[in-house]
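Sequence positions in the sequence shown follow my numbering and run 48 to 92. Backbone N, C-alpha and C fix where the C-beta goes; we use that ideal spot for every residue, glycine too.
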Amino acid sequence: MGTVIVLAIVAGAVALALRSMIKDKKAGKSLQCGGDCSRCGGGCH
């Protein structure tokens, strides 16, 4: 039973992380340069 609870907690954390990444991507932010294309030369979008 403990394994199921831990699995549910981990799955929830992964789902929240993915949701945050998708939301940031839709907002034009990038994981590589943080939305500051002056630092990466615009190659991250």
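Rounded to whole angstroms, what's the CA-CA distance from residue i to residue j? Just pull it up for me.
i	j	result
residue 58	residue 48	16 angstroms
residue 71	residue 60	17 angstroms
residue 52	residue 69	26 angstroms
residue 73	residue 65	12 angstroms
Near residue i, what residues of its chain come up, given a Cβ to Cβ distance below 6 angstroms and the 5 sequence neighbours on each side ignored?
i	result
residue 63	none
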